[in-house]
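The block underneath contains the structure these notes are about, expressed in structure tokens.
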Amino acid sequence: LALGIGLLVDNSIVVLENIARHRELGATRLEAAKRGASEVTMAVIASTLTTVAVFAPLVFVKGIAGQLFKDQALTVTFSLLASLLVAITLIPMLASFGGGRKDEDVQAPVLRTPRTRVGRWLRAIRLFLFNTVPSFVARIIVRASKWIAVGFRVILMPLTGSFNWAYDRAADAYPSVLDWSLRRRGVVLVSAFALFAASLLIVPRLGVEFIPPLSQGEFLIEMRLPPGTPLEQTDAIMAQIQRSAIGVDAINSTFASVGTGNRMDANPDEGGENWGELHVEMASSTDEVAEAAAFASLRTELERIPAIQYKFGRPTLFTFKTPIEVEVSGYNLDELRLVSQAISQRLSSLDRFADVKSTTEQGHPEVKILFDRDRAATLGLAVHDVANRVVNQVRGEVATRYSWRDRKIDILVRAREEDRGSIDDLRQLIINPESARPVTLESVADIVVDIGPSEVRRVSQQRVAIVTANLRYGDLGAATTIIQSVVDELVLPDGISVRLAGQSEEMASSFRSLLFALSLAVFLVYLVMASQFESLIHPFVIFFSIPLAAIGAIVALWITGSTLSVVVFIGLILLAGIVVNNAIVLVDLINQLRANGQPKMEAIREAARLRLRPILMTTLTTTLGLLPLAMGFGEGAEIRAPMGITVIGGLVISTLLTLIVIPVMYSILDRKPDAKMAVDPA
């Protein structure tokens, strides 16, 4: 609704402005309401449908972009349809209330008559209310409304005065500028093309990322000490880190957990006596500078602890934790470890990346039993049976269950503690107790102590090692390019492949989906305009508003330091439906004037002059409605602001250029003779 608030009044502005123009020409209220509304009805319907058309494809966008903006698309679409209904029915009806025309009221400046005009509106409302509610309630409402109108007059007088002053200057200068542009059409088109080309040169400087970094007011630090570190030492180091965090002014509170779970029943990557996690809550949830400073301070403290591994992360907002994820796929665990560690070391050497971690690093100590199949076969033993027997003797096997009251208690049978407490005890385990000639485990297997992988992950039934990292600075697009160059420099063993996953993969998928949505939106907008104008040329003329809007959007993003992202892409799709509205209203009036017999160039000048005020007003209301969004107030502003910046920049620049370029393009592309146009207004 915050996004659509500026769009909702556009239709009413166009209708009311045209009604007011007819009143100034001498028509009565009823005649002005009829003529003013009927002249712009089709244009208003077409402009609304073009905006709705760009929202419709967003419903079918997949991935994070669809999750973020599907509800927004539905909300704005139905609110715009409701505003269209109000603009072509209720607004003309209310404008027709009152008596005959009073010249002194119609011709007087806006600032001299706001209270009188408001009074007429209030009288119309009072007549309506008297038929539906008790008269004393209506009298109270009307009297209160009059005082509210007086208050608004005092508050809005500086704003209306500034607008009137700016509009008068623009209205005086615009005809001369338009005449100059129509005489030098080649210069105008070359200049517009040059501006568009120059704006495209700025795009690589903007950077690309998936979702703008979101300051959530909290983050976590996961740390891991060398395997075998006692729980007491892990707890002491965590307490040291926690004291450092509390000493940072911007940090409000902390919560630490150490040694969660164990190697038998916990996630191997998040358990054990050498593991810990610190949750940090910031004093302010929107202060990005303070959060970055806290990151730097705690990183400095962590670097002083020898042999520690750590990574920073934020609470999972979507489906990922870290911006950088590199998947190394293959079957051989040793080769996976070597390749992933090579990538990890290379990224760690680059200042851009922080908290680089590989899932193959720092595994847990484990006992490996390497069977000799030939020896086992010679003794008449099957490796599968021997392995099961060792597991049952060490871990135990449920032999039966004991029933006690309403509970079933497992009875576990396994070797005695003294027979399985050490490596030597394992070597002496009897693996064929039913045989007359006992055989020990060491007779058919070699038992060694090694460091195993911390975890073995699988993607699409294939083993993978994942290298993760955060970004100290820069955008995700540039980081992805650097990582791809690092991967290209590696000589990969046979059967090993590397691909970028995580946010970069989701970003590519979302951008493809949004590109399809943008193409579909442009196609739907063209269909709406072609059906409105019954022409293939006029929609093409109006389409020149879209590249003009791209100029403003790119420049606005560059000035504000914003990067290209899914949010910006949504803003561009929205912009494609909004910027054509001004051109639709302008071209529609040109066609009407030519149908009434005016020559083409005269119709262009007259239509541009008459439509200057509604075009500027609708642009101003939409811009003011999006301004709080672009300024980024409150939590989550990082996601909303880029879209507002994109739409405001594109709309403002497009409006200014549309008033010049669209008349020029119309004069060039529309070659229909004036006589034929008067008969066939299509």
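Quick note, in the working numbering, the sequence shown goes up one by one and the last residue is 729. Positions of the beta carbon are idealized from the N, C-alpha and C atoms, including for glycine. Quick caveat, the model's predicted, so the values are computed rather than measured.
Proximity to residue i [Cα-Cα], best of the options
i	options	result
A434	V491, D471, E382, D402	V491
E269	P710, L562, I111, G360	G360
S507	L671, Q440, E374	E374
P104	L673, S560, K719	S560
G524	P251, W212, P222, I60	P251
L54	K109, F107, F257, T122	T122
K358	D381, W322, E279, R393	W322
S551	V87, V708, A516, D535	A516
A446	V460, R454, R436	V460
V61	L77, G73, R82	R82
L716	V237, A191, V386, V588	V588
T610	L657, L562, M690, I662	M690
I686	I355, L115, T407, I138	L115
S405	A343, R504, V87	R504
R216	V699, I707, L659	L659
R393	L565, V99, Q531, A677	Q531
Q280	A564, S223, P353	P353
S387	E328, A283, A79, I543	I543
I111	R641, L640, S701, I617	I617
A297	I625, L77, E335	E335
A67	S228, L657, I620, A650	L657
L518	S395, A568, D497	S395
According to DSSP, residues forming a beta bridge with residue i
i	result
Y357	M270
V460	E444
D493	L417
S376	V511, S544
S737	Since the first and last residues shown for the chain are 48 and 729, residue 737 lies out of range.
R454	W451
I477	T487
Range covered by the beta strand (DSSP E) that runs through residue i
i	result
I298	298 to 305
V108	Segment: none, V108 is in no beta strand (DSSP E) and carries neither H nor E.
L325	322 to 329
F400	400 to 405
R484	Unbroken run through R484: none, as it is neither H nor E.
V634	Element bounds for V634: not the beta strand (DSSP E) but the alpha helix (DSSP H), 613 to 642.
V506	504 to 506
8 angstroms Cβ cutoff, residue i in contact with chain B
i	result
V430	In the structure shown, chain B cannot be found, because there is only a single protein chain.
Boundaries of the alpha helix (DSSP H) in which residue i is found, first to last residue
i	result
L383	380 to 395
E350	335 to 350
V588	584 to 589
L137	Premise fails: L137 is in no alpha helix (DSSP H) and is neither H nor E.
P370	Note, P370: premise wrong, no alpha helix (DSSP H); not H, not E.
S85	76 to 102
R467	That residue, R467, is in no alpha helix (DSSP H); it is neither H nor E in DSSP.
V61	57 to 71
L663	647 to 678
Local Cβ density within 10 Å of residue i, reported as buried at 16 or more and exposed below that
i	result
P156	Residue placement at P156 cannot be trusted, given a pLDDT of 47 that sits under 50; what the coordinates show is reported in the next sentence. Burial call: exposed.
G146	Below a pLDDT of 50, predicted positions are generally treated as unreliable, and G146, at 44, falls in that range; no measurement from the model is reported.
M311	Any reading at M311 is ruled out, since the residue's pLDDT is 40, under 50, leaving its predicted position unreliable.
L132	exposed
M576	buried
F257	buried
P710	buried
Q509	exposed
I478	buried
T425	exposed
I288	buried
M140	exposed
T40	Absent from the structure is residue 40, since the part of the chain shown begins at 48 and ends at 729.
E465	exposed
V99	buried
D522	buried
E649	exposed
M712	buried
TODO: With a floor of 3 residues, list each beta strand (DSSP E) that falls wholly inside the region 208 to 277, ordered by position along the chain.
DONE: 265 to 271
Task: alpha helix (DSSP H) segments (min. 4 residues) lying fully within the region 511 to 556 - done: 523 to 536
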